[in-house]
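Residue numbers (my numbering): 1 to 161.
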Amino acid sequence: MNQTIQIAPVRKTIVFAATCEHAFTVFTSGIDRWWPKTHGIGAAPIRKSFIEPFVGGRWYTTCDDGVDVVVGHVRVWIPGERLVVSWEIGSDWKPDSRAAFASEVELRFVAEGAEHTRVELEHRNFERMGAIGGDKMRNAVDGGWPTLLELFKTAAAGGAT
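Pasting the structure below:
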């Protein structure tokens with residue numbers, strides 16, 4: 001009998017003073033301002049981080065050795081509202097371009113009055129990595145996303161990108 005495993009998604013929410021459009025822009029085109037240079041999956045340190053602004057675009061880093069390392073691909077791009085990207089990283093924290101094994105990160109940007117935005121993050125589909133790998137990745141990102149969202153919040157509060 002085949003059993004399907006289910007691994008709960010990671011959900012995080014953060015609210016801060018910015019418009020949804022500004023928050024979206026800082027998360028995407030401004031990712032190099034806040035994504036830590038120490039949080040890379042390449043053989044060399046990160047030089048710069050990018051998210052290409054269209055469905056199918058790459059989320060990638062350029063490393064000090066000149067190599068581009070893909071983190072994922074844009075699946076949904078609705079500026080100021082919603083971003084969905086694949087997370088093409090194996091539980092061993094190495095790039096894994098096999099779509100069947102990729103988890104997925106969704107961000108929703110929701111207005112909280114005229115001056116604030118609530119960002120709702122859901123990182124899901126860990127079961128694609130198998131029970132052990134999926135649990136390992138889920139636990140890692142559950143502890144990692146809060147720090148990353150705080151760095152993002154700080155960058156978004158800093159004004160224009």
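From the three backbone atoms N, C-alpha and C, an ideal C-beta is built for every residue, glycine too. Please read all numbers here as calculations on a predicted model, not as lab measurements.
Count the other C-beta atoms from every protein chain shown that fall within 10 angstroms of the C-beta of residue i, then say buried if there are 16 or more, exposed otherwise.
i      : result
Asp98  : Looking at the sequence shown, residue 98 is not Asp but Arg. Exposed is the call here.
Asn2   : Because Asn2 sits at a pLDDT of 49, beneath the cut-off of 50, its placement in the model cannot be relied upon, and the following sentence gives the value as read from the coordinates. It is exposed - the Cβ of Asn2 has fewer than 16 other Cβ atoms within 10 Å.
Lys94  : exposed
Trp145 : buried
Ala155 : buried
Ala23  : buried
Arg128 : buried
Ile5   : exposed
Thr13  : exposed
Val15  : exposed
Ile51  : buried
Gly42  : buried
Gly40  : buried
Find out if the Cβ-Cβ distance for the pair residue i, residue j is shorter than 8 Å.
i      : j      : result
Ser103 : Gly133 : no
Ala18  : Thr117 : yes
Gly80  : Glu21  : yes
Ala44  : Asp68  : no
Val71  : Ile46  : no
Val85  : Val55  : no
Arg82  : Leu107 : yes
Val26  : Phe152 : yes
Val105 : Trp87  : yes
Tell me the residue span of the alpha helix (DSSP H) that contains residue i.
i      : result
Ile41  : Here Ile41 belongs to no alpha helix (DSSP H), and DSSP marks it neither H nor E.
Thr147 : 131 to 157
Asp68  : Counting along the chain, Asp68 falls outside any alpha helix (DSSP H), though it belongs to the beta strand (DSSP E) covering 68 to 78.
Arg33  : 31 to 34
What does residue i pair with, by DSSP beta-bridge criteria?
i     : result
Phe16 : Thr117
Need the endpoints of the beta strand (DSSP E) that residue i sits in, please.
i      : result
Glu112 : 103 to 112
Thr61  : 58 to 63
Trp87  : 82 to 87
>> Contact between the region 35 to 42 and the region 121 to 139 is defined here as three or more beta-carbon pairs at a separation below 8 Å; is this criterion met?
In response: no
>> So, does the region 24 to 31 touch the region 41 to 61, judging by three or more C-beta pairs under 8 Å?
In response: yes
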